[in-house]
Each structure stands twice: as C-alpha cells, then as structure tokens.
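Trainee: Would you mind keeping the following structure in view while I ask a few things?
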Amino acid sequence: MVTKKRVSQVLGFYESFGRLKMRPPQGNSNWMVPPNFKAPACATTWESSKPSGTAKERRLRTLRSRIGSLRNRSLKSFRSEHAMVVPVLVRTNGLLTQFERAVRSVHRILKDDEILIVVDDGSPTQFQKAIQASCSWPKIVLLRHCPNVGPASSRNTAMDWCRSNRSEIQTVCFLDADCVVPDANWSAAHRAQQKEVPGIVCGRTISLNPETWVSLYHDVFGTLNGRMFEDENNLLYGATCNMSIRFDALPDGFRFDPQFRTPAFEDVEFCVRARKTGLTKNITFLSGAVIKHDYSTDALGFIEQFWRYGQGHHRMLEAHPEYDAWFAASSPMSNFSMKKLPSD
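Now the structure itself:
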C-alpha cells in the first residue's frame, strides 16, 4: 500500500543517496581467499553465553546447547558433495514468512549428499529465534553475521565454510530468501549441467505472483534470467537467486566482491570477473532449473529495486569499464521467448 510514510521514507532514501560519495574499488577487485584464511566457526549451537535469565530459561539454554552438540556431530557424519546457500536478512514479519517458505521448499528436496547453508546476515534480535527454529531440521547449517555485511559477503562466508570444513563439496547452489523451489529436480539439474560444462550455471526465474503488473514486467524482460551472447551461446551474467558454481572450475579462492553491500550487481560483477579470468564459455543458462521469485509488487518497491541497480551499476563501471559495451552486445531472455536458449 502506498502511504505518506512510505513515500517519505523513499524520498529520504533518494535524498541521502544524492549526497552519497561512492567508494572506488580497492586494488584490482580480484577477490580471493587469503592464503592463511580460517573460516569462522559454524553457528549451529544457539545457546547464549550470558548466565542471565530465570532458572527455566537457563535450563532451556543448556538443553539447546546439548541438542546443538548432538546436531553438530550428526552433521559431521554426512558426506555432502553439494551445498545450497540462502543468505537472509529478516527485518519484518513479511520477510520472515518468505524465508520460512524458502527453507521449507529447499529442505523437502534435499538429497542424501546435500546440505543447506543459511547465512543470517545480521537480522534483528527479535527475529533470531524464529530463524533458528526454521533451521532446526537435519542437514541445515546456520551461520551468523553481526552486524550486517551484505549478500556478497554472506555468500563468501558460506563458500569459505565449505572450503574449510567440507573439502568434498564441489558444487554450490545459490538462491534468495524470497524464492521458492517448485521442482524437486532443481538441484539435480544444476549438478548435471555442472558435470557437462563446469563453471557458473544460471537457471530460469519466474514470478511467484504472475498476475501483477510488476511480475509481468519481470517475466517479459527476464530481469533475473541474465543476458545472453547469442553468437557465443553463453551468458554475460546470471542472477544469484538461481545460480550454481563449481569450485574446481573457478580460480582458487574466487569470491564475490564484498564492496557490493546491497542486493544489486554483486552477481553481475562476479560473472563478469569470472569471464575476464577465462571462463568465456563456462557461464551457461539452464532453462530447466526453475525457481519462483516473490517480487515486491507495489510501485515504490519496483522503483527501489531499480534504484539499487543504478547504485550497483555505478560501482560496476568503476571496476569493469567494458561492461556497458558487453551489455549492449547481449540480449535479455524473456520468459515468454525461450527459443534462443540452449537446450538443457
């Protein structure tokens, strides 16, 4: 609903952005894991370190600690070859509902050799118990950031945890907390494509609520489907709401650029930088790997989304000046025109 308060908030955001000085990328923007990097411990035990609270609360914390320890040991017993990663920042009850729906849709399709990694990117305290409850299923790893550091760093945290704790994991699937996986073969499709053409694989994203005009726009223009080089039959970039990577096909320690702190262009920069390292034929599109995205359907949410894209585009050009020329040479992929896409 468009309200005076909502309009005031957006206008205030625009005004503050007009005074914002963009920080240029440091060094060569070649984000890799440092040689002596040690990934943070997994926050799969949720007990509080503070002794405060009633006797009942302290007993509950002790019980959670013991359950967490058992859960950690059970996680170690699984040999996982594939991970799914969902970064989340819950600030409202609506976002919590989206996240819970996303976790349920992924958990129901988890196979024996797969785990789900949730990265809580600094959600306020009042939502943390609900996030913990959603991640209490077997084979779900919960990592926490405090404070918020952005979706790029959240995905890096999950990738670093895999590299440091599960060397057998080679393929990682990314999706967003406002997505739903409707097909039980979604991850299997990504894994099969990664075996055929290892590198970066991007699936097809459709609207969860296609009856709205905002959703129709995204479906027509394929906002989150990436852009295709028709003469090369591969992508310029794809979106992390439906993307998989294979570690051994990327340069050692290849990561997302943590300077992209908002959900805009961090996936574009990741793919373009990978392309510049030599992966020109290994960024592929897989129309059979479908997820549904819950787009914001009000006009102000639509404006905010593309305002973030404008912000990310500015930083993108600072890091990769050739991006606009590559963008002009590529084509959008509408969900209503799949004829140009490679077969899967």
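For reference, each letter of the sequence shown is one residue, going 2 to 345 in this note's numbering.
For every residue, glycine included, the Cβ atom is placed at its ideal position computed from N, Cα and C.
#1: Identify the continuous beta strand (DSSP E) that holds C272 and give its terminal residues.
#2: Should G227 and F175 be called a contact, given that it needs their Cβ atoms to be closer than 8 Å?
#3: Looking at the strands, I want to know which residues DSSP matches up with G204.
#4: Would DSSP call L225 helix, strand or coil?
#5: Quick one: what's T172 bridged to in DSSP?
#6: Report the partner residues of V142 according to the DSSP bridge assignment.
#7: By the DSSP assignment, the beta strand (DSSP E) with R237 in it spans what residues?
#8: Report the partner residues of H294 according to the DSSP bridge assignment.
#9: Is N157 buried or exposed, if buried means 16 or more other CB atoms sit within 10 Å of its CB?
#10: Thinking C-beta only, is A103 closer than 8 Å to V120?
#11: I'd like the list of long-range same chain contacts for F248, defined as Cβ closer than 6 Å, with 5 residues on each side in sequence excluded.
#12: Is it buried or exposed, V182, if we count other Cβ atoms within 10 angstroms and call 16 or more buried?
#13: If you measure between the beta carbons of D295 and Q99, is that distance less than 8 Å?
#14: Taking its Cβ as the centre, do 16 or more other Cβ atoms sit within 10 Å of Y238, making it buried, or is it exposed?
#15: How many angstroms separate the CA atom of A265 from the CA atom of Q312?
#16: Straight-line CA distance for T206 to K282?
Mentor: Once the coordinates are examined:
#1: That residue, C272, is in no beta strand (DSSP E); its alpha helix (DSSP H) goes 267-277.
#2: no
#3: L287
#4: coil
#5: H83, R247
#6: I118
#7: Strictly speaking, residue 237 in this sequence is Leu, with Arg absent from that position. Element bounds for L237: 235-238.
#8: C180, S208
#9: buried
#10: no
#11: Q171
#12: buried
#13: yes
#14: buried
#15: 8 Å
#16: 22 Å
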